[in-house]
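Residue numbers (our numbering): 5 to 226.
Glycine residues also receive a C-beta, built at the ideal position from the N, C-alpha and C atoms.
Predicted model only: the values in this text are computed from it and were never measured.
Contents: one structure, followed by commentary.
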């Protein structure tokens, strides 16, 4: 039995083919059009509220994006192809509750320093870099991943926001990291490098931010 494992490749353990995975994002855009713009605005609104000093509405806006991604992507599109996606959908719902609770608790107030700059990097990666990287590297514009509806950009922004806040809230980062690992494995099998490196780079950024967290604002302890 153990010897037979040598005959398997990583792609044999991935529940969807690269073609089907790419098509999922095209179908997502087809189904949610034209509401992508609204949910992107919700993400930007959450960031603006964070920058303006924190507000429960920041958590509410981000929670709405996670709920939308859970229903539209995980439950309606991903689950018919992969039974485990229903569990991911419920995990996304839990994530929505977590960001809402942190927001309602006033846990997000803008901070400065290296940690906040690393948070900005993750946010920009989710809103600009990853979505644009797709079409620039040969993926269809129809599969453009918009933060607020597509899970990977949404996860990146969600990881970045707590790094920009004070005090930091790590509890909202677990589910996004797990999703990024899952997504990166599929893109690695698909041969799309920008998607494959998302999880390693995000985790590395979080690692650096962990060391920088005591100096969130010009050397002041957080």
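Cutting at 8 Å between CB atoms, please list the residues of its own chain near residue i, excluding the five before and the five after it.
i	result
residue 186	92
residue 148	29, 33, 135, 138, 139
residue 215	none
residue 201	188
residue 35	76, 80, 81
residue 222	Reliability of the predicted coordinates at residue 222 is poor, the pLDDT of 40 falling under 50, and the value obtained from them is presented with this limitation in mind. Closer than 8 Å at the Cβ level, and outside the excluded window around residue 222, lie 116, 117.
residue 155	73, 77, 78, 96, 183, 187
Checking the sheet assignment: what are the DSSP bridge partners for residue i?
i	result
residue 154	151
So, for residue i: in the same chain, excluding its five sequence neighbours on each side, which residues have a beta-carbon less than 6 Å away from its beta-carbon?
i	result
residue 130	151, 157, 160, 161
residue 203	184, 185, 188
residue 50	62, 65, 66
residue 213	119, 122, 167
residue 181	none
residue 40	150, 153
residue 192	200
Ordered along the chain, which non-local residues of its own chain (more than five positions away) have a Cβ less than 7 Å from that of residue i?
i	result
residue 69	43, 46, 47, 152, 158
residue 9	Low local confidence applies: a pLDDT of 45 at residue 9 is under 50, so the model's placement there is unreliable, with the coordinate-based value given in what follows. Same-chain partners within the cutoff: there are none.
residue 71	97, 100
residue 209	122, 125, 126
residue 84	none
residue 103	63, 66, 67, 70, 162, 176
residue 198	134, 137, 141
residue 145	139
residue 108	60, 63
residue 207	181
Can you tell me where the alpha helix (DSSP H) with residue i in it begins and where it stops?
i	result
residue 179	178-194
residue 21	It is not in any alpha helix (DSSP H) - residue 21 carries neither H nor E in the DSSP assignment.
residue 61	60-73
residue 99	89-108
residue 199	197-200
residue 85	Looking at the DSSP string, residue 85 is not in any alpha helix (DSSP H), and its letter there is neither H nor E.
residue 130	Counting along the chain, residue 130 falls outside any alpha helix (DSSP H), and DSSP gives it neither H nor E.
residue 53	40-55
Give me the Cβ distance between residue i and residue j, rounded to the nearest whole Å; I'm assuming they're in contact under 8 Å.
i	j	result
residue 164	residue 124	7 Å
residue 143	residue 81	Contact doesn't hold; Cβ gap of about 17 Å is too wide.
residue 190	residue 25	5 Å
residue 90	residue 79	7 Å
residue 196	residue 141	7 Å
Under a CB-based cut-off of 9 Å, is residue i close to chain C?
i	result
residue 23	In the structure shown, chain C does not exist; there is a single protein chain.
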